[in-house]
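Below you'll find the structure, written out as structure tokens, and then a few comments.
2 protein chains.
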Amino acid sequence: MDRELLLLGLLRQAEMHGYQLAEFIQRNLASCTTLKKPTAYYLLDRMEKSGWITRSSEREGNRPERNVYSLTPQGEAAFDRLLRENLARYQPAAFENDIGLAFLDALDEPEAHALLSQRRAALAAQLAQARAIPPHGGSHQLVIQHLVHHLTAEMTWLDEVLAGLAASSVEPE
Amino acid sequence: MDRELLLLGLLRQAEMHGYQLAEFIQRNLASCTTLKKPTAYYLLDRMEKSGWITRSSEREGNRPERNVYSLTPQGEAAFDRLLRENLARYQPAAFENDIGLAFLDALDEPEAHALLSQRRAALAAQLAQARAIPPHGGSHQLVIQHLVHHLTAEMTWLDEVLAGLAASSVEPE
DNA sequence: TCCTGAATAGTCAAATTTGACTAATCAAAT
DNA sequence: ATTTGATTAGTCAAATTTGACTATTCAGGA
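Residue numbers (our numbering), protein chains in the order written: chain A, 13 to 185; chain B, 13 to 185.
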């Protein structure tokens, strides 16, 4: 559902072909979704069958033909509906990466501390990268801001967990 | 991968049958994963074929037979490996719910504000529920703490977004 | 000119995930 | 004693998702 909303929203801003959509999503909206190329094509096919978008073949230079999609009026209506549903709902993300934390007591504390320090470094790198994204205008900016906000909160949290482990396992000097 | 880790981790603490595993996960670990019953059975089958767990039929009273699973030594080894990999990695969750935010400018500000207020209410309800979970002992507690930490950060963030909208759309009295 | 590697555009078989179902047992109200 | 609804235990066909692949074009160096 949200994935359809994403494709419709992008097509609403400018008609695009499938490859372009999938690339844009993976480059700029990876923090929202893991949708990959073949899934994008699958959903585009389905939305075409639903009458939400139309496909037309275009050729530029002597590159091979491309399927360019654009919204129909039904597609616009579906976008409006899906957008309202999405905004009104709070659907928490699933933190699959937390699964390990549930079994942290299977390891001794020095090792747990060492592994989570590696995690912290990976998180720091991602936070730095997110902060370095140059500001676009428009609402897409909100997504980046949310990502930074979230990663910062994650850092705080992870440091608390590490401090909790260190308290009982790291030798004071 | 993380889903296998989850099943192995639970089976490591106590042997269980498939239904029990799936129920426990949906009741207590919904913040980590959306894994559902048929997926659990699928993964259990696969892990049995890999030699990580063994199945044995048990009967209690005159209820129908149940498939009870328990770890093999290879399963223990796999658990150790997967746990270390999981803890060392930082794999951010995908915020599919953010997709709507990327298209917030498709609506006028009063409506956007109204819809996000609904979202805020849903978030508040989930936060209250998460805070009300009675503390178990052990590492499972960390998962709950993370959830509360995250939902609190979400609330802060959403309030900032709402304030930003209100600034330009709500009439001062 | 020719070769190599990257970018473009998309497809396909296979893996994974799920909604909806079956079927049995139990609890408890009628 | 029997109907109803909840709980237990699991299955299955269908939907969704993906890794790995094809095939073409372009850019730059040897």
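Heads up, the beta-carbon is just placed ideally off N, CA and C, and yes, glycines get one too.
Quantities reported herein were computed from a predicted structural model and do not represent experimental measurements.
- Within 7 Å of the CB of Trp169(B), the CB atoms of chain A belong to His158 and His161, in sequence order along the chain.
- Between the alpha carbons of Ala114(A) and Gln153(B) lies a gap of roughly 7 Å.
- With 16 or more other Cβ atoms inside 10 Å of its own Cβ, Glu16(A) counts as buried.
- When DSSP states are grouped into helix, strand and coil, Ile65(A) belongs to the strand group.
- Beta-bridge partners assigned by DSSP to Leu83(B): Ile65(B).
- Rounded to the nearest whole angstrom, the CA to CA distance from His158(A) to Val173(B) is 10 Å.
- In chain order, Lys49 and Ala52 place their CB closer than 6 Å to the CB of Ala34(A), counting only its own chain and leaving out the 5 sequence neighbours on each side.
- Taking 9 Å as the upper bound on Cβ-Cβ separation, chain A lies near residues Glu97, Asn98, Leu99, Ala100, Arg101, Tyr102, Gln103, Pro104, Ala105, Ala106, Phe107, Glu108, Asn109, Asp110, Ile111, Gly112, Leu113, Ala114, Phe115, Leu116, Asp117, Ala118 and Leu119 of the region 97 to 119 of chain B.
- Cβ atoms of Val160(A) and Ala133(A) stay farther apart than 8 Å, at about 18 Å.
- Partner residues in a beta bridge of Met59(B), as assigned by DSSP, do not exist.
- Sequence-ordered contacts of the region 46 to 68 of chain A with chain B read Thr46 [C-beta pairs closer than 7 Å].
- Runs of alpha helix (DSSP H) with 4 or more residues, each lying fully within the region 111 to 178 of chain B, are found at 121 to 144, listed in chain order.
- Exposed is the label assigned to Pro147(B), since fewer than 16 other Cβ atoms lie within 10 Å of its Cβ.
- From the beta-carbon of His152(A), the residues of chain B found nearer than 8 Å are Ala114.
- Val80(B) is a Cβ neighbour of Met28(B), given a cutoff of 8 Å.
- Residue contact check for Ala165(A) against chain B: a CB pair falls below 8 Å.
- Annotation: the continuous alpha helix (DSSP H) that includes Arg24(B) extends over Asp14 to Gln25.
- Distance between Ser129(B) and Asn109(B), taken at the CA atoms: about 15 Å.
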